[in-house]
Amino acid sequence: MKISRTLCAVTAGLLLEVGVACAAPVVTTGEFYFRENRGVNGVGLQMGDRLIYGANTVVPNGNSGTTATRAFGGGGTANLPFNPRTTTPNQFSGSADYTPARALLPVNMVFRNGPDSTPVSVAAIGDVALMPLAFNLGVAGAGTNLVFSWNLPVIPAGLTLDRSQFIVYDREDFNVAANANMLFAAELPSPTATSFVLPMAFSQGLTLGHSYTFGIRLENLRASAIPEAGAPARRSSSQAFFDFVPTAAIPIPGSHALMLAGLLIVCSFARRKTRPGK
């Protein structure tokens, strides 16, 4: 793609001859559009009551010249930014303030690469309640052997908690969209889970002294899949955040000696009790 664009820029005549070859048809999958309650965070995500939209996979991506716009219904268009992260390297995503009027409209996105364009529309969210945030987030453990925990809120009437997701962000690595890199994302085994232990294969890659954030996303799903997404899609969700920095375990001075002394006392006491005639 990069070579084709360079060749196309050689002369105007050559540009006309191979103009079609200078672009590539844009293919999108995993489109989404939902309402989200975003908590206070330091990962670059706009906070508050938001409408979130985009596509998880857009090929060619923004590094290959693809750009995108979005519109609610037949309204005005706005830029839809390329938002690559480790978990979704080809994602385009954006957000806007929630209003009941917008939520009743579909979101229409257009992805362009040279003369090629791919329009995608995702059905309206409709009248759906705001998902409350998880609370009392915390981390226990030392080094990279960490246990994450949180409490679940009371889910309002008319809303069901269908799925939950655990996310890890890198607060020292921001992308072109000014969002922190998303290093890890996993659906929890139960939507009502209140703790999670990172897989060792991932946790061993965490850097001691490095700044991370974990997020808990609570999800209400659409009644049916978005055809383009091919899976149940979010309708209303919330995301709460908690910052953490892995640190090495520091032994308490004398703790090993005290432990050894305790063991010796226990052993001595046990031996006395088992002596014949005592």
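Residue numbers (my numbering): 936 to 1213. Each residue gets a CB set at the ideal place from its N, CA and C atoms; glycine is no exception. These numbers were taken from a predicted model, which means no experiment stands behind them.
Enclosing beta strand (DSSP E) for residue i [first to last residue]
{"i": "M1066", "result": "Looking at the DSSP string, M1066 is not in any beta strand (DSSP E), and its letter there is neither H nor E."}
{"i": "P1054", "result": "D1051 to V1057"}
{"i": "N1116", "result": "A1115 to E1122"}
{"i": "A1031", "result": "F1027 to D1032"}
{"i": "R1047", "result": "V1042 to N1048"}
{"i": "L1081", "result": "N1080 to N1086"}
Distance between residue j and residue i (C-alpha atoms, nearest Å)
{"i": "S1190", "j": "L1141", "result": "Because S1190 carries a pLDDT of 44, less than 50, the predicted location of this residue cannot be relied on, and the following value inherits that uncertainty. Each residue's Cα considered, the two are about 27 Å apart."}
{"i": "V1132", "j": "T1095", "result": "25 Å"}
{"i": "L1040", "j": "G1009", "result": "9 Å"}
{"i": "G1061", "j": "A1075", "result": "40 Å"}
{"i": "Y1104", "j": "P1054", "result": "31 Å"}
{"i": "F1214", "j": "S1052", "result": "Since the first residue shown for the chain is 936 and the last is 1213, residue 1214 is missing from the structure and cannot be characterised."}
{"i": "P1067", "j": "L1153", "result": "8 Å"}
{"i": "A1121", "j": "G979", "result": "20 Å"}
{"i": "T1129", "j": "N1086", "result": "6 Å"}
{"i": "D1108", "j": "V1089", "result": "34 Å"}
{"i": "S999", "j": "G1093", "result": "43 Å"}
{"i": "N991", "j": "N1155", "result": "19 Å"}
{"i": "V1042", "j": "A1168", "result": "14 Å"}
{"i": "P1050", "j": "G989", "result": "21 Å"}
{"i": "D1097", "j": "R1170", "result": "10 Å"}
{"i": "A1059", "j": "R1005", "result": "14 Å"}
{"i": "S1056", "j": "S1099", "result": "26 Å"}
{"i": "P1134", "j": "L1081", "result": "10 Å"}
{"i": "G965", "j": "N1110", "result": "21 Å"}
{"i": "P1024", "j": "Y968", "result": "19 Å"}
{"i": "S1172", "j": "A1136", "result": "28 Å"}
{"i": "T963", "j": "F1046", "result": "8 Å"}
Delimiting residues of the alpha helix (DSSP H) encompassing residue i
{"i": "F1137", "result": "M1135 to S1138"}
{"i": "R1037", "result": "P1035 to A1038"}
Buried/exposed call for residue i, threshold 16 Cβ in 10 Å
{"i": "N972", "result": "buried"}
{"i": "T1148", "result": "buried"}
{"i": "L1143", "result": "exposed"}
{"i": "S1125", "result": "exposed"}
{"i": "M1044", "result": "buried"}
{"i": "A1013", "result": "exposed"}
{"i": "T1034", "result": "exposed"}
{"i": "T1127", "result": "exposed"}
{"i": "A1003", "result": "buried"}
{"i": "A956", "result": "Here the model assigns A956 a pLDDT of 39, short of 50, so the residue's position is not dependable and the matter cannot be decided."}
Residue(s) in a DSSP beta bridge with residue i
{"i": "E893", "result": "Nothing about residue 893 can be read from this structure; the chain reaches only from 936 to 1213."}
{"i": "G1011", "result": "In the DSSP output, where bridge partners are listed per residue, G1011 has none listed."}
{"i": "L1153", "result": "S1099 and S1173"}
{"i": "N962", "result": "It should be pointed out that residue 962 corresponds to Val in this sequence rather than to Asn. DSSP lists V994 as partners of V962."}
{"i": "V1089", "result": "Paired residue(s): none; V1089 is not in a bridge."}
{"i": "R1005", "result": "A1013 and M1044"}
{"i": "V1132", "result": "V1082"}
{"i": "V1074", "result": "F1083"}
Sequence-distant residues of the same chain with beta carbon closer than 7 Å to residue i, five excluded per side
{"i": "A1192", "result": "Because A1192 carries a pLDDT of 38, less than 50, the predicted location of this residue cannot be relied on, and no value is offered for it."}
{"i": "V945", "result": "Residue placement at V945 cannot be trusted, given a pLDDT of 37 that sits under 50; what the coordinates show is reported in the next sentence. Same-chain partners within the cutoff: there are none."}
{"i": "T1079", "result": "S1138, Q1139, L1141 and P1181"}
{"i": "G977", "result": "R1106, T1148 and D1178"}
Close-in-space but distant-in-sequence residues of the same chain around residue i (CB under 8 Å, 5 per side omitted)
{"i": "P995", "result": "M936, A959, V961, T1001 and N1048"}
{"i": "R1037", "result": "L986, F1007 and A1031"}
{"i": "M982", "result": "R973, G974, V975 and N976"}
Chain E contact for residue i (CB, 8 Å cutoff)
{"i": "R970", "result": "Although the question refers to chain E, the structure presented lacks it and comprises just one protein chain."}
Residues of its chain near residue i, where Cβ-Cβ distance is below 6 Å and the 5 sequence neighbours each way are ignored
{"i": "P1091", "result": "A1064"}
{"i": "A1112", "result": "P1016 and N1018"}
{"i": "G1150", "result": "I1102, Q1174 and F1176"}
{"i": "F1070", "result": "N1086"}
{"i": "N1116", "result": "R1020, T1021, D1105 and D1108"}
{"i": "F1083", "result": "V1074, F1131 and F1149"}
{"i": "S1146", "result": "R1106, E1107 and V1180"}
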